[in-house]
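Mapped onto this note's numbering, the consecutive letters of the sequence shown carry residue numbers -5 to 267. Yeah, the Cβ is synthetic: ideal placement off N, Cα and C, and Gly gets one too. Being a predicted model, the structure only gives us computed values, none of them experimental.
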Amino acid sequence: MSPQEIKNIAQELLRAHDRAGLIASIAAREPGFDLDAAYQVAAELMRQRRERGAQAVGRKIGFTNRTIWALYGVDAPMWAHVYADTVSYARDGKAEISLAGTVSPRMEPEIAFKLRAPVPAGCKDAEQLLRCAEWYAHSVEIVHSHFDWKFKLADATADWACHSRLVIGEPQPIREADIAALARALPALRVALLKNGVRQIEGVGANVLGSPAYALGFLADLLAAQPFMQPLAAGELISTGTMTDALPVKPGETWSTELGGLPLENLTISYTD
C-alpha cells in the first residue's frame, strides 16, 4: 500500500479511537491491507500518539494463546505498544478501572515482564529469555475492538492489537538462583477468572506459546524483521498474552483472578464508567 493509503487508514483508526466508535473491517474492503501493511499503520499511529504527548513504556503481545485462534479467525500472534497512560499498577491486589472510551471491552489474565536487557533474536531457551527480565508479575489486560471483534488479523494488529488498559500486580524479582525453577513453573501456572466471585473460565501458562517466557523470544524475532520498529530495550514492560479466552466486562462488575503454581498475588478489578 502507498504511504498515503497507510496514513489514511491510521487516521480512520485514530478517529474511531477518539470517539470510541465502530468501523468496518479494513482487510475486507482493502485487498492490499495485509499484516505488513497493518504494522506500517501501527507505526504511523505510534508516531501520531507520541505527537499528542503519549509515552510508550512497553509492548503487549496478543493472540499468543493458540487455543482461541479459531474463535477470532486468526492464525498468528501480534503486538502493539502500551503507554504510560494505559498502564497502571494494582494496590494490594486491587484496582478500579474506568471503561470510558472502550468498545466492547474484554478482560485477559496474563503474565508481564520488565526487561533488564534487550531480548536476543533467535533465542529459544526459556532460561536465557528469563535472564533478560528484571521481574515478572501477574497482569490483566483490558482489550477492546473498534471492529466489535469482527476482524481479520491485520485489522486487529493495526487497531493497537486491541490494547486499551494494562493492570500490573506486585512484581516478583527474577534472581539467577530462581530462573531454572521459574522456567519450569511458568507453563504449569494455573489461572481462573471469576465474576462477582463465580468462576467463569480457567487456563494455564502453557497456552501462551508454550510459556510466557517464549513470548519474549517471539516478539524479539518479529521485531528483527521489522526495521521500521524499535527493538526491545531495557526498562520496557512486556505483557505476554492471555492464558484464557478474553471475557466481556461491563461497568459495575467486579472481576478477580485466582492463580496457582507461582508466588503471585491475585487481582481484583472493579470496573466503572
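For residue i, count the other beta carbons within 10 Å of its own beta carbon; 16 or more makes it buried, fewer makes it exposed. Which is it?
{"i": "Gln34", "result": "buried"}
{"i": "Gly116", "result": "exposed"}
{"i": "Phe107", "result": "buried"}
{"i": "Ala284", "result": "Residue 284 is absent from the model: the chain starts at -5 and stops at 267."}
{"i": "Lys118", "result": "exposed"}
{"i": "Asp149", "result": "buried"}
{"i": "Pro167", "result": "exposed"}
{"i": "Ala120", "result": "buried"}
{"i": "Pro99", "result": "buried"}
{"i": "Gly191", "result": "exposed"}
{"i": "Ser92", "result": "exposed"}
{"i": "Tyr265", "result": "buried"}
{"i": "Asp69", "result": "exposed"}
{"i": "Arg23", "result": "exposed"}
{"i": "Lys268", "result": "Examination of residue 268 is not possible in this model, given that the chain is present from -5 through 267 alone."}
Would you list the one or two residues that DSSP bridges to residue i?
{"i": "Pro(-4)", "result": "Correcting the residue type first, residue -4 is Ser in the shown sequence and not Pro. The partner list for Ser(-4) (beta bridge, DSSP) is empty, contrary to what the question assumes."}
{"i": "Asn59", "result": "Val202"}
{"i": "His11", "result": "Note: His11 sits in no beta bridge, so no partner."}
{"i": "Gly254", "result": "Arg184"}
{"i": "Tyr265", "result": "Ile91"}
{"i": "Tyr269", "result": "It is not possible to answer for residue 269, since the shown part of the chain is limited to -5 through 267."}
{"i": "Pro242", "result": "Arg100"}
{"i": "Lys189", "result": "Val192, Trp249"}
{"i": "Gly197", "result": "Val185"}
Determine the extent of the alpha helix (DSSP H) in which residue i is found, giving its start and end residues.
{"i": "Glu38", "result": "29 to 45"}
{"i": "Leu203", "result": "Per DSSP, Leu203 belongs to no alpha helix (DSSP H) and is neither H nor E."}
{"i": "Arg85", "result": "Counting along the chain, Arg85 falls outside any alpha helix (DSSP H), and DSSP gives it neither H nor E."}
{"i": "Ile20", "result": "20 to 23"}
Would you tell me roughly how many angstroms separate the C-alpha atoms of residue i and residue j, rounded to the nearest one?
{"i": "Ile62", "j": "Glu(-1)", "result": "31 Å"}
{"i": "Ala50", "j": "Glu196", "result": "31 Å"}
{"i": "Val81", "j": "Leu29", "result": "26 Å"}
{"i": "Gly199", "j": "Pro225", "result": "25 Å"}
{"i": "Gly26", "j": "His11", "result": "23 Å"}
{"i": "Leu256", "j": "Thr248", "result": "24 Å"}
{"i": "Asp215", "j": "Trp129", "result": "21 Å"}
{"i": "Ala186", "j": "Ile20", "result": "34 Å"}
{"i": "Arg178", "j": "Asp172", "result": "10 Å"}
{"i": "Gly67", "j": "Arg41", "result": "29 Å"}
{"i": "Ile136", "j": "Ala182", "result": "23 Å"}
{"i": "Leu160", "j": "Ile232", "result": "10 Å"}
{"i": "Gly95", "j": "Met101", "result": "15 Å"}
Answer yes or no: does any C-beta atom of chain D fall closer than 8 Å to that of residue i?
{"i": "Ala10", "result": "Note that chain D does not occur in the displayed structure, where there is just one protein chain."}
Could you give the first and the last residue of the continuous beta strand (DSSP E) run that contains residue i?
{"i": "Ile17", "result": "Taken as a continuous stretch (DSSP letters only), Ile17 belongs to no beta strand (DSSP E), as it is neither H nor E."}
{"i": "Ile232", "result": "231 to 233"}
- [ ] Mind listing, in chain order, the continuous alpha helix (DSSP H) runs of no fewer than 4 residues lying wholly within the segment 96 to 161?
- [x] 120 to 124, 147 to 152, all fully within the segment 96 to 161.
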